[in-house]
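Student: First residue of the sequence shown? That's 1011 in the numbering used here, and the numbers climb one at a time after it.
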Amino acid sequence: MAPSGLENGGWGIFTLTPRIKDEVLNQYGDVVIQITDPNPHTAAGMRRLVWDYLWEGQLLAGHYEGFQRVYSAVPGIGSLANGRTKGYNAVGGYPSVGNLGLGRGLSPGSGAFTHYDNYTWTASRDLDAG
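#1: If you draw a straight line from the alpha carbon of L1137 to that of P1118, how long is it in whole angstroms?
#2: Rounded to the nearest angstrom, what separates R1135 and V1101 at their Cα positions?
#3: Under 8 Å between the Cβ atoms of V1084 and W1065?
#4: Is it true that the CB of D1032 sits closer than 8 Å to the CB of T1132?
#5: Please state whether DSSP places Y1129 in a helix, a strand or coil.
#6: Looking at C-alpha atoms only, which residue of G1140, I1087 and L1016 is the closest neighbour of V1041?
#7: Excluding sequence positions up to five away, which residues of its chain have a Cβ less than 7 Å from the Cβ of Q1078?
#8: Going by C-alpha distance, which of I1045, Y1038, A1071 and N1049 is nearest G1108?
#9: Residues bridged to P1013 by DSSP?
#10: Taking the alpha-carbon positions, what's the N1049 to A1122 distance?
#11: Count the other CB atoms within 10 Å of the CB of R1114; is the residue buried (16 or more) or exposed (fewer)?
#12: Would D1127 pass as a contact of G1039 if the rule is Cβ separation under 8 Å?
#13: According to DSSP, is Q1078 part of a helix, a strand, or is it coil?
#14: What is the rounded straight-line gap between the Cα of H1051 and the Cα of I1043?
Set out below in structure tokens:
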């Protein structure tokens, strides 16, 4: 990580080796943590997280998780998006959704982990190192 080359971009992520368009950038996919229905008490403490690093839940299969609003946190490459709508060097795919064999409504352990994982990123264009 280093200062971004984009104006007001904050921190950026760079590649050590050249990458070709559509090459998968992360060997192991990121987990996706769905944050459901934030209320005024939790939202105030998450202000920086919400505005700078969260994705709309419906983009990452979380739209059925909450009653009103769902945000998705994506640690790893996804956390560096900073709300940019253009200029991406990495494009996300779609996460895998599973329950590790636990019934979501019946097993007390089903809430102990995220059901969304293996969110991979690919290069949106050829990238030079650095």
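Cβ atoms here follow ideal geometry from the backbone N, Cα and C, with glycine treated the same way.
Tutor: A quick look at the data gives this:
#1: 45 Å
#2: About 10 Å.
#3: yes
#4: With a cutoff of 8 Å on beta-carbon distance, T1132 and D1032 are scored as near each other.
#5: It is a strand residue.
#6: With distances taken between Cα atoms, V1041 lies closest to I1087.
#7: Residues of the same chain with a CB within less than 7 Å of the CB of Q1078, apart from the 5 flanking positions on each side, are D1047 in chain order.
#8: A1071
#9: According to DSSP, P1013 bridges with W1021.
#10: 21 Å
#11: exposed
#12: yes
#13: coil
#14: 19 Å
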